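Q: Handing you a structure now.
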């Protein structure tokens, strides 16, 4: 069974360039699917049964992630880890950086990134960590939180953030704010004194990557669905690119849900 090309995939899409998948155009989405850089399910109008051969491209995507990982590792070969450690909120341990990541800690050098609890670290997480080293944020955090849309060229990434992080968090914890608060406790979290929502918190995915969560509970009498807004430090792009920042939000939401399910 041959793999369809991007044009063939587009023929079965609405071709509205709605950006709900996180890509600027339907063509960009189709090309990402064919190369294995994107899950077909990221498009709400893509029906896997139409393309069973595309649906089976999981291994290609994994191979793609490993290839990217090897490329980013090359970029840190000449980085002085001791020099950048303070800027990243990391410590130096046996010539490796040790830093908190989500609800665990990792050790990282130019050759590998591992969790200190010896559990497997997803290649996408490793890519994120190496990007954090490469950026080596030279500007202090501003302490002011803004929406992703405040950053230049963020339109398509804002759609991805909304669909795969904000909406997902809202749907999973509506009516379960106590469970969400319980999950928060596994992270480096700061309470928010002035909260405009039903629940607010600042959670550090990485030492210099805080995400501020505003959770607005549903109001059935007003016909309002639950809503979540995830904000970023105004200087966040000095520490990671937009795609990595969105991935931070996605991984945080995934982990919050997993922790709640574990009880």
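Residue numbers (the UniProt record's numbering): 1 to 263. Ideal placement from N, C-alpha and C gives every residue a C-beta, glycine not left out. From a predicted model like this one, the values you see are computed outputs, not experimental measurements.
1) Roughly how many angstroms separate the alpha carbons of residue 199 and residue 26, rounded to a whole number?
2) So, residue 179 versus residue 110, is the Cβ gap smaller than 8 Å?
3) Answer yes or no: do residue 228 and residue 166 have a C-beta to C-beta separation smaller than 8 Å?
4) Measuring CB to CB, does residue 137 end up less than 8 Å from residue 177?
5) Could you pull the start and end residues of the alpha helix (DSSP H) that residue 183 belongs to?
6) Are the segment 141-155 and the segment 87-101 touching by the rule of at least three beta carbon pairs closer than 8 Å?
7) To test your reading of the DSSP string, which unbroken beta strand (DSSP E) runs of 3 or more residues are found completely within the segment 183-216?
8) Taking three-plus beta-carbon pairs below 8 Å as touching, is the segment 201-216 in contact with the segment 96-107?
9) Could you tell me whether the segment 152-165 touches the segment 230-250, where touching means 3 or more Cβ pairs closer than 8 Å?
10) What are the residues that DSSP puts in a beta bridge with residue 108?
11) Can you list, in chain order, the residues of its chain whose CB lies under 7 Å from that of residue 117, leaving out five sequence neighbours each side?
12) Pull up the DSSP beta-bridge partners for residue 91, would you.
13) From residue 197 to residue 7, what distance separates their C-alpha atoms?
14) For residue 20, which beta-bridge partners are listed by DSSP?
15) With 16 other CB atoms within 10 Å as the buried threshold, where does residue 43 fall?
16) Just to check my reading of the structure: residue 130 and residue 73 have Cβ atoms closer than 8 Å, yes? What is that Cβ distance to the nearest angstrom?
17) Can you give me the Cβ contacts of residue 252 inside the same chain, cut-off strictly under 7 Å, excluding the 5 residues immediately before and after it?
A: In this structure, then:
1) 36 Å
2) no
3) yes
4) no
5) 177-184
6) no
7) 189-191, 199-206 and 209-216
8) yes
9) yes
10) 97 and 113
11) So the qualifying residues of the chain are 104.
12) 98
13) 44 Å
14) In DSSP, residue 20 forms no bridge with anything.
15) buried
16) 6 Å
17) 102, 203, 205 and 211
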